[in-house]
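Visitor:
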Amino acid sequence: MSIDQYIRGIQDFPKPGINFKDITPLLNDPEARKECLKLLVSSLRDKKIDKVVGVESRGFFFGMLLAQELGVGFVPVRKPKKLPFAVISASYELEYGTDTLEIHTDAIQKGEKVLIHDDVLATGGTAKAVAELVEELGGEIVQFNFLMELSFLNGRNKISQYEIYSPLVY
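Note that this note's numbering has the sequence shown beginning at 0, numbered continuously upward.
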């Protein structure tokens with residue numbers, strides 16, 4: 000099974016010129032979800048992971064499944080004013096604007112091994128901001144894990160010092 004057939008392109012969303020990669024068909028199919036999780040976990044053999052960090056919001060879907068599969072904690076990274084406890088934040092640029100992300104200050108302990116998961120690696124701004132948050136808390140990034148990479152946006156360059164895995168590359 001190719002999970003690529005479950006990703007649909009939506010032209011001019013959220014603004015003209017963007018070809019949005021919609022994962023809802025993948026989420027809607029239990030066998031495709033299972034196959035996708037299997038692919039994402041396959042990149043983690045022999046790696047020690049203490050926490051999975053999922054990036055709002057589409058990174059939560061498989062981030063939580065990965066944490067469950069690995070038997071480790073899940074840490075949400077969210078947009079501002081969505082987390083109820085003390086937070087640290089990082090701002091970043093993305094392909095169609097700027098934004099800020101936050102993480103609870105007690106979410107990751109010094110020395111914990113962290114897998115960061117998001118749905119798409121695009122320009123790399125989001126990923127770089129999440130890396131800054133994890134490292135500020137003392138976490139050690141084991142790998143970045145994405146459903147897909149939009150290679151023409153060169154996001155990999157912003158996080159090239161880390162191991163990166165994505166089963167789909169466009």
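Ideal placement from N, C-alpha and C gives every residue a C-beta, glycine not left out.
Who are the near neighbours of Arg-57 in its chain, counting only those whose CB is closer than 6 Å to its CB and skipping five residues on each side?
Guide: So the list reads Asp-118, once near-sequence residues are dropped.
Visitor: What residue range does the alpha helix (DSSP H) around Pro-24 cover?
Guide: Here the alpha helix (DSSP H) through Pro-24 covers 23-27.
Visitor: Using the Cα positions of Gln-160 and Arg-7, report the straight-line distance between them to the nearest angstrom.
Guide: Those two C-alpha atoms are separated by around 31 Å.
Visitor: Less than 7 Å separating the beta-carbons of Ile-87 and Gly-123?
Guide: Their beta carbons are not under 7 Å apart, which means Ile-87 does not touch Gly-123 by this criterion.
Visitor: In the DSSP assignment, find the alpha helix (DSSP H) that holds Phe-84 and state where it starts and stops.
Guide: Neither: Phe-84 is in no alpha helix (DSSP H) and is coded neither H nor E.
Visitor: Looking only at its chain, what residues have a beta carbon closer than 6 Å to the beta carbon of Glu-92, apart from the 5 residues adjacent to it on each side?
Guide: Excluding residues within five positions, the ones whose Cβ falls inside 6 Å are Gly-124.
Visitor: If we ignore side chains and look at the alpha-carbon of each, how far apart do Asp-21 and Ile-9 end up?
Guide: Distance between the alpha carbons of Asp-21 and Ile-9 is about 7 Å.
Visitor: If we count the other Cβ atoms within 10 Å of its Cβ and call it buried at 16 or more, is Glu-101 buried or exposed?
Guide: Buried: at least 16 other Cβ atoms inside 10 Å.
Visitor: How about Leu-114 and Asn-144: are their beta carbons less than 7 Å apart?
Guide: Against a cut-off of 7 Å, the Cβ pair of Asn-144 and Leu-114 comes out as a contact.
Visitor: Could you have a look at Phe-12 and say whether DSSP puts it in helix, strand or coil?
Guide: Looking at Phe-12 - three-state DSSP - the assignment turns out to be coil, as it is neither helix nor strand.
Visitor: Measure the Cβ-Cβ separation of Leu-69 and Ile-48 and say whether it is below 7 Å.
Guide: In this structure, Ile-48 lies closer than 7 Å to Leu-69 by Cβ.
Visitor: DSSP beta-bridge partners for Ile-115?
Guide: Val-52, Phe-143.
Visitor: Starting from the C-beta of Ser-165, find all residues in its chain whose C-beta is less than 8 Å away, skip the five residues before and the five after it, and write them out in chain order.
Guide: These residues qualify, in order along the chain: Leu-120, Asn-144, Phe-145, Leu-146, Met-147, Glu-148.
Visitor: Going by the CB atoms, is the gap between Glu-55 and Arg-77 shorter than 7 Å?
Guide: Their beta carbons are under 7 Å apart, which means Arg-77 touches Glu-55 by this criterion.
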